[in-house]
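The structure appears right after this line, and notes come after that.
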Amino acid sequence: MPNTGVLTKPLAQTQLLRAIAERLLVTKKDGENAQDTANDEGGEPAVASAFTAQFEKLANTLETALASSDQKTLIEVAMQIRGSAPSCGAHKLGRLADNTMTVLCDNSDKGRNERMVKDLIAACRNLQSAA
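Letter 61 of the sequence shown, counting from 1, is numbered 72 in the working numbering, and no numbers are missing.
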């Protein structure tokens, strides 16, 4: 990837992570790169960990909202995942969140709502194992 500072869509997940990592690298005062946490080229593991940690937090929020039957929070978090997952390269997760949000807004089948939310929670947590 040429270092032009410009990325064109559509982005591959690895391309996006590499670009983010390049911008997040911290330089020590003596000029050495501080890449202690990155054990792969471009700092990708640290960036991937940040993404997966965020989706883990969203999964926890979904779990809490599901336990308390907080429909508004379930829809809001599904909407947040729908918007952010594709930008991280997790397109299937984005589609699942979109479908879950649609089912939650329909609000006709409580059993289906719960299954969809549980599937979304599992998918958010499965990003951790894929990173």
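Every residue gets a Cβ at the ideal spot worked out from N, C-alpha and C, and that includes glycine. If you're wondering where the values come from, they're calculated on a predicted model, not measured in any experiment.
Spatial distance of residue i from residue j (CA atoms)
| i | j | result |
| --- | --- | --- |
| Asn124 | Ala89 | 12 Å |
| Val128 | Ala32 | 31 Å |
| Phe66 | Leu77 | 16 Å |
| Ala133 | Thr72 | 13 Å |
| Gly5 | Ser119 | Outside the shown range of the chain (12 to 142) lies residue 5, about which nothing can therefore be said. |
| Arg93 | Thr113 | 11 Å |
| Asn137 | Leu27 | 20 Å |
| Thr19 | Thr25 | 14 Å |
| Thr75 | Leu115 | 16 Å |
| Lys83 | Ala30 | 35 Å |
| Arg126 | His102 | 20 Å |
Outcome for residue i when other beta-carbon atoms lying within 10 angstroms are tallied against a minimum of 16
| i | result |
| --- | --- |
| Thr63 | buried |
| Ala23 | exposed |
| Thr111 | buried |
| Gly100 | buried |
| Ala21 | It should be pointed out that residue 21 corresponds to Pro in this sequence rather than to Ala. Its Cβ having fewer than 16 others within 10 Å, Pro21 is exposed. |
Any chain C beta carbon closer than 8 Å to residue i
| i | result |
| --- | --- |
| Asp120 | Note that chain C does not occur in the displayed structure, where there is just one protein chain. |
(Q) So within the stretch 50-117, which uninterrupted alpha helix (DSSP H) runs reach at least 4 residues, ignoring any that extend past its ends? (A) 55-78, 82-95 and 102-117
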